[in-house]
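Heads up: the structure comes next, in structure tokens.
There are 2 protein chains.
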Amino acid sequence: MDFSIGELSRETGVKVPTIRYYEKEGLLEAPLRTEGNQRRYRHSDLERLRFIRHCRDLGLPMPAVRDLIELSQHPDKPCAEADLIAVEQLKAVRQRITHLQRLESELTRIADSCQGDHTVTECNVLRAFADHGLCKDDH
Amino acid sequence: MDFSIGELSRETGVKVPTIRYYEKEGLLEAPLRTEGNQRRYRHSDLERLRFIRHCRDLGLPMPAVRDLIELSQHPDKPCAEADLIAVEQLKAVRQRITHLQRLESELTRIADSCQGDHTVTECNVLRAFADHGLCKDDH
DNA sequence: TCTAATTCCTATAGCGACTAGAGCTTCAAG
DNA sequence: CTTGAAGCTCTAGTCGCTATAGGAATTAGA
Numbered sequence: 003m004d005f006s007i008g009e010l011s012r013e014t015g016v017k018v019p020t021i022r023y024y025e026k027e028g029l030l031e032a033p034l035r036t037e038g039n040q041r042r043y044r045h046s047d048l049e050r051l052r053f054i055r056h057c058r059d060l061g062l063p064m065p066a067v068r069d070l071i072e073l074s075q076h077p078d079k080p081c082a083e084a085d086l087i088a089v090e091q092l093k094a095v096r097q098r099i100t101h102l103q104r105l106e107s108e109l110t111r112i113a114d115s116c117q118g119d120h121t122v123t124e125c126n127v128l129r130a131f132a133d134h135g136l137c138k139d140d141h
Numbered sequence: 003m004d005f006s007i008g009e010l011s012r013e014t015g016v017k018v019p020t021i022r023y024y025e026k027e028g029l030l031e032a033p034l035r036t037e038g039n040q041r042r043y044r045h046s047d048l049e050r051l052r053f054i055r056h057c058r059d060l061g062l063p064m065p066a067v068r069d070l071i072e073l074s075q076h077p078d079k080p081c082a083e084a085d086l087i088a089v090e091q092l093k094a095v096r097q098r099i100t101h102l103q104r105l106e107s108e109l110t111r112i113a114d115s116c117q118g119d120h121t122v123t124e125c126n127v128l129r130a131f132a133d134h135g136l137c138k139d140d141h
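Chains as they are written, first to last, in our numbering: chain A, 3 to 141; chain B, 3 to 141.
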């Protein structure tokens with residue numbers, strides 16, 4: 003019926019200290035304790051933790067997760083805010099992709115400039131790392 | 003002839019505390035000091051700092067930067083190691099791009115599932131955040 | 001029922017790469 | 001010579017965990 007923290011951890015793949023950390027940060031409610039002061043979780047805690055984990059896997063920062071949880075506790079509110087969080091995160095992810103693609107093209111150029119067959123003094127890799135002026139775009 | 007730390011900062015765009023931090027971490031050599039204990043840098047420090055900055059902008063972790071600096075001080079060594087660092091970083095960047103692209107497609111799906119026109123109870127965004135089972139691939 | 005192995009508890013510190021602030025000293029311009 | 005900007009050191013905070021220490025509770029097997 004109830005889970006220990008270790009069982010919850012096994013069910014969700016979230017490490018034990020991380021679960022305690024989420025509790026401290028207010029993402030998970032503090033569960034009931036046994037007489038010996040150990041945490042005992044219910045099924046609803048399991049669902050909540052899976053929710054948190056999935057949000058985190060999707061890259062949401064903890065404050066956004068907190069907002070979503072808060073929101074989900076007011077079933078009659080309009081869900082525009084949840085929508086907004088998803089859209090914002092999507093925007094952030096797209097920005098990061100663009101940035102990384104610029105890096106990729108720079109690094110490709112840098113790595114291609116050298117086959118590792120000469121000495122450091124004449125190494126184009128080191129030159130390229132030294133000099134931003136050689137880059138095609140800003141990063 | 004010599005720069006103060008503020009001038010070095012303005013020249014490179016690296017913040018003053020960050021310069022001191024790089025010194026503490028051994029990326030920059032400790033410069034000479036004035037009688038009043040203030041740092042005075044030379045042109046070679048400027049070049050070194052630009053090198054560091056550029057590496058960091060390209061996403062190299064500090065240990066990799068340290069390795070490159072170490073390397074650049076042995077001009078007769080073969081530069082295979084520098085090449086390797088560039089290639090490894092490239093590989094890491096490509097992995098991150100792949101990962102983010104998966105997130106992007108999930109988030110697109112999630113964000114599209116809702117126009118923000120209903121209440122929380124029936125919100126597909128919240129449902130999608132709750133349930134990894136709805137996702138097409140792992141992330 | 002006893003014991004031993006495992007799991008649990010709290011509290012604290014560490015990671016990477018900075019950034020911010022307090023409280024004080026030195027420098028440079030007028 | 002004064003004044004205000006810029007420098008100094010030291011400490012703590014950021015984010016999202018993760019690791020460790022030292023002890024208490026639980027559980028499985030004999």
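Idealized CB from N, CA, C, for every residue including glycine.
Output the distance between the C-alpha atoms of residue i and residue j, rounded to the nearest integer angstrom.
i, j, result
"A/I7", "A/C137", "51 Å"
"A/E83", "B/L62", "37 Å"
"A/C57", "B/A132", "8 Å"
"B/F53", "B/E13", "13 Å"
"A/A130", "A/R55", "40 Å"
"B/R35", "B/E49", "19 Å"
"B/T100", "A/Q97", "14 Å"
"A/G135", "B/H134", "45 Å"
"A/R44", "A/I21", "14 Å"
"A/G15", "B/R42", "52 Å"
"B/T110", "B/M3", "55 Å"
"A/E72", "A/D114", "50 Å"
Please state if the CB of residue j and the CB of residue i are separated by a distance shorter than 8 Å.
i, j, result
"A/E91", "A/L60", "According to the sequence shown, residue 91 of chain A is Gln rather than Glu. For A/Q91 and A/L60, yes; Cβs fall inside 8 Å."
"B/I112", "A/A94", "no"
"B/C116", "A/C81", "yes"
"A/L128", "B/L70", "yes"
"A/S74", "B/V67", "no"
"A/E27", "A/M64", "yes"
With a 10 Å radius around its C-beta and 16 neighbouring C-beta atoms as the bar for buried, classify residue i as buried or exposed.
i, result
"B/L178", "Chain B is shown from 3 up to 141; residue 178 of chain B falls before or after that span and cannot be answered."
"B/L51", "buried"
"A/R108", "Just to set this straight, residue 108 of chain A is Glu in the shown sequence, not Arg. So A/E108 ends up on the buried side."
"B/D78", "exposed"
Going by beta carbon distance, what residues of the same chain come within less than 8 Å of residue i, once the five residues before and after it are set aside?
i, result
"B/D47", "F5, L10, L30, E31, P33"
"A/H120", "none"
"B/H76", "none"
Within a Cβ cutoff of 7 Å, which residues of the same chain sit near residue i, ignoring the five residues on either side of it in sequence?
i, result
"B/Y24", "L30, I54"
"A/K17", "S11"
By Cβ distance, which residues of its chain are closer than 6 Å to residue i, with the 5 residues on each side in sequence left out?
i, result
"A/P19", "none"
Unbroken stretches of the alpha helix (DSSP H), 4 residues or longer, contained in the segment 37-75 of chain B: 45-59, 64-74
In chain order, what are the residue ranges of uninterrupted alpha helix (DSSP H) at least 4 long that sit wholly in the segment 102-138 of chain B? 126-132
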